[in-house]
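Novice: Sequence lines, in order, name chains F and R.
Residue numbers for the first sequence follow numbering that gives the first Met the number 0, beginning at 0 and rising by one.
Residue numbers for the second sequence follow numbering that gives the first Met the number 0, beginning at 0 and rising by one.
Glycine included, every Cβ here is placed at the ideal spot set by N, Cα and C.
One structure is given below, represented as structure tokens, and several questions about it will come after.
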Amino acid sequence: MLPVRKARRAVQQLLSWCLALALLALAWQAALVLGRYPAYILPAPLEVLRKGVLLARQGVLLRHVLVTSAEILAGLALGASSAVVAGYLVSQCSWGERILTPFVVASQAVPTVAIAPLIVIWFGFGLLSKVVVCALIVFFPMLVSTMVGLRAVPPELAELMQVLRATRWQMLLKLQLPAALPVILGGLRLSVTLAVVGAIVGEFVGADRGLGFLVNLGKGTFDTALMFVALALLVVMALGLYGAALALERKLLHWRP
Amino acid sequence: MRRKLALPLLLVLALLIAPSCAPTPTPGAPTKVKLAMGYIPNVQFAPVYVALHKGYFAAEGLELELDYGMEADIISLLGTGKLEFAIGSGDQVILARAQGLPVVYVYNWYNRFPVSIVALEKSGIREPKDLIGKRIGIPALHGASYIGLRALFEATGIPESSVQLQAIGYTQVAALTNGLVDAAVCYYMNEPVQLQLAGERITQILVADYVSLPTNGILTSEEVIKAKPEVVQRLCRAFHKGLLDTLARPDEAFAIAKEFVPEIAQNEAAQRAVLDAAVQLWSSEHPGQSDPTVWQQAVEFMARAGLLAQKVDIESMVTNRFVPQE
């Protein structure tokens, strides 16, 4: 695509987002006027914006955003990388999948929010416990997508590689990984949004910083505008991460039609 | 076509007529009210269970439904008119009023503020000044625990910066016994009791020994007071009887609480200890009465601590007019 056309498309995309945001603010304000809701039920968009600007000026928002971002990125890195490795190892031996699958599925039946207090006690009240909660939430979708992706390798190509006496390493790099990548990256897109949830669950259990803490603080002090600011930032973070995963997918899968 | 339209039209008509056909409360029928309590079903709510069991609410013409939840949530529901009555802490009422929630404190249940700082005896923490330089675990940096701790610091001249505060959620027992913190902020009748029953030797600093703060009681909204003052009066009267009975006969109250919360039987000794500790905090020379001076001091302290979004008026948030006369 030509650079000019690409830039025009980006501007159009940005404008459509701004328009959607403006419409949302209008609908919000209309609901406020029609419903006559007090600020503790539904604060006005301008009030939320004012609160956000005030907190940003004080440096409060950046501090909390950095903490939650660190938790999400570290949790995502830990959960996704360990799930990809585990998914590869399991897919290489049929008995491995048979043995492991019931345990992995059973682990998903336990709500992370219920075991989060235990994780906090085991790993301390600092960053590590939030990273572990995040990694646990991310692990399952990444594991499943890795296993499914590796299973999707065309058997005739695998046979061809074997006939050509490819080593295990060559099989992985030249065939299995490229073939599984679309599914693995699909899992990553799902995982980035779940990672945000994981960090918040960890912060809800016990934290003195982070956006989850801000949401809790807003709720505990009946400051609904503060809750909205923190929630809006979480949405922005999730969208940013999703966009980054999408960009990574486009870059790595540029060969796809 | 006409036939096709007939059914939807009939349905719309039925929906329009339905409200006028709704059963109207018959005279003498009990008034349904919901009371939400800021915790899980627990022996600490024994006075409510006693009043229900002995029919005090029914005698007042009330059909009481109990509900449980997080304190901040139920106070918000009260403020939004989705709930009529709740059990909540006085300091939370002040915070809620500062955010514009029209909640009103109508019956003072606890005589003493239940927040305490617990430590293992070997830590050497015995009085507030021993907390300086220590790691203190607290459920969250808001709520009654945080306000209680800040009030204690102010009353004893301890700067908050001289301690290491750590938000630990509700993991106080594990955090203390595993040495993750040196002391933990908790409720006098909960974690300290659990620790003692687990064989730990503990020390406690009860916030109420150093500063008076408005504590747990019955809350309602301005709207309910305006629309149904007699219901507020009746609810307070029934609860009052339940409280007096519990204070006079804790054994009986414990047996009744077991009927309402069967899980108590799983750990009877601990639950009994919880009730006994709670009874100490409930005992009062004037049950139900709120002290305006305590509220005034609490408001002034919270304003100084920067916890209030705007000025609050005490007269609009607390009243003794529904407390039964002795």
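(1) So what does DSSP say about F/C92, is it helix, strand or coil?
(2) What number of angstroms, rounded off, separates the C-alpha of R/A173 from the C-alpha of R/A35?
(3) In chain order, what residues of the stretch 114-140 of chain F put their CB closer than 7 angstroms to some CB of chain R?
(4) In angstroms with no decimal places, state the Cα-to-Cα distance between F/K50 and F/G34.
(5) Hey, R/A280 and R/Y109: beta-carbon distance below 7 angstroms or not?
(6) Return the chain-ordered list of same chain residues with a C-beta closer than 6 angstroms to the C-beta of R/T23, the five sequence neighbours on each side being excluded.
(7) What residue does the alpha helix (DSSP H) around R/G99 start on, and which one ends it?
(8) So for R/L34, helix, strand or coil by DSSP?
(9) Assign R/Q163 to one of two classes, buried (16 or more other C-beta atoms within 10 Å of its C-beta) or exposed (fewer than that).
(10) Report yes if the C-beta distance between F/G197 and F/I98 is below 7 angstroms; otherwise report no.
(11) Give, in chain order, every residue of the stretch 164-177 of chain R whose Cβ lies closer than 8 angstroms to some Cβ of chain F.
(12) Decide if F/G86 is buried, meaning its Cβ has at least 16 other Cβ atoms within 10 Å, or exposed.
(13) Just confirm the distance between the C-beta atoms of R/L61 and R/T30, as a whole number of angstroms; I'd bet it's less than 8 angstroms.
(14) Near R/C185, which residues of its chain fall below 6 angstroms by C-beta distance, leaving aside the five closest residues on each side in sequence?
(15) Using a cut-off of 9 angstroms between C-beta atoms, extract the partners of R/S75 located in chain F.
(16) At a Cβ threshold of 7 angstroms, is R/T219 touching chain F?
(17) Are the stretch 119-133 of chain F and the stretch 156-167 of chain F touching by the rule of at least three beta carbon pairs closer than 8 angstroms?
(18) At 4 residues or longer, what runs of the alpha helix (DSSP H) sit wholly inside the stretch 131-167 of chain F?
(19) When you check each C-beta in the stretch 188-208 of chain F against every C-beta of chain R, which residues fall closer than 7 angstroms?
(20) Counting only Cβ-Cβ distances shorter than 7 angstroms, please list the residues of the stretch 85-109 of chain R near chain F, keeping chain order.
(21) State buried or exposed for F/P2, treating a residue as buried only when at least 16 other CB atoms are found within 10 Å of its CB.
(22) If we call anything under 7 angstroms between Cβ atoms a contact, is R/V206 one with R/L151?
(23) From the DSSP output, in three-state form, read off R/Q203 for me.
(24) Apart from the five residues just before and just after R/L196, which ones in its own chain have a Cβ nearer than 7 angstroms to its Cβ?
(25) Within the stretch 200-249 of chain F, note down every full alpha helix (DSSP H) run reaching 4 residues or more, in order along the chain.
(26) Using beta-carbon positions only, say whether F/P140 and F/L172 come within less than 7 angstroms of one another.
(27) Counting contacts by CB-CB distance shorter than 7 angstroms, is R/T79 in contact with chain F?
(28) Just curious, the alpha helix (DSSP H) that R/A139 is in, first and last residue?
(29) Is F/E70 helix, strand or coil by DSSP?
(30) Could you tell me which uninterrupted alpha helix (DSSP H) segments, each at least 4 residues in length, are contained entirely in the stretch 264-307 of chain R, listed from first to last along the chain?
(31) Span of the alpha helix (DSSP H) holding R/A256?
(32) Could you tell me whether the Cβ of R/H141 comes closer than 7 angstroms to any Cβ of chain F?
(33) Looking at C-beta atoms only, is the number of pairs between the stretch 86-105 of chain R and the stretch 307-319 of chain R that lie closer than 8 angstroms three or more?
Specialist: In short:
(1) coil
(2) 29 angstroms
(3) P116, V119, I120, G123 and F124
(4) 22 angstroms
(5) In the sequence under discussion, the amino acid at residue 280 of chain R is Leu, which differs from the Ala named in the question. Their beta carbons are under 7 angstroms apart, which means R/L280 touches R/Y109 by this criterion.
(6) With a pLDDT of 43 at R/T23, under the threshold of 50, the modelled position of this residue cannot be trusted; read the value that follows with caution. Hits under 6 angstroms: none found.
(7) Counting along the chain, R/G99 falls outside any alpha helix (DSSP H), and DSSP gives it neither H nor E.
(8) strand
(9) exposed
(10) no
(11) L164, Q165, A166, I167, G168, Y169, T170, A173, A174 and N177
(12) buried
(13) 6 angstroms
(14) V117 and Q171
(15) Y39, I40, K218, F221 and T223
(16) no
(17) no
(18) 154-162
(19) V204, G205, A206 and D207
(20) L94, A95, Q98, G99 and L100
(21) exposed
(22) yes
(23) strand
(24) A268, A269 and A272
(25) 210-219
(26) no
(27) yes
(28) That residue, R/A139, is in no alpha helix (DSSP H); it is neither H nor E in DSSP.
(29) helix
(30) 267-281 and 291-303
(31) P249 to F259
(32) yes
(33) yes
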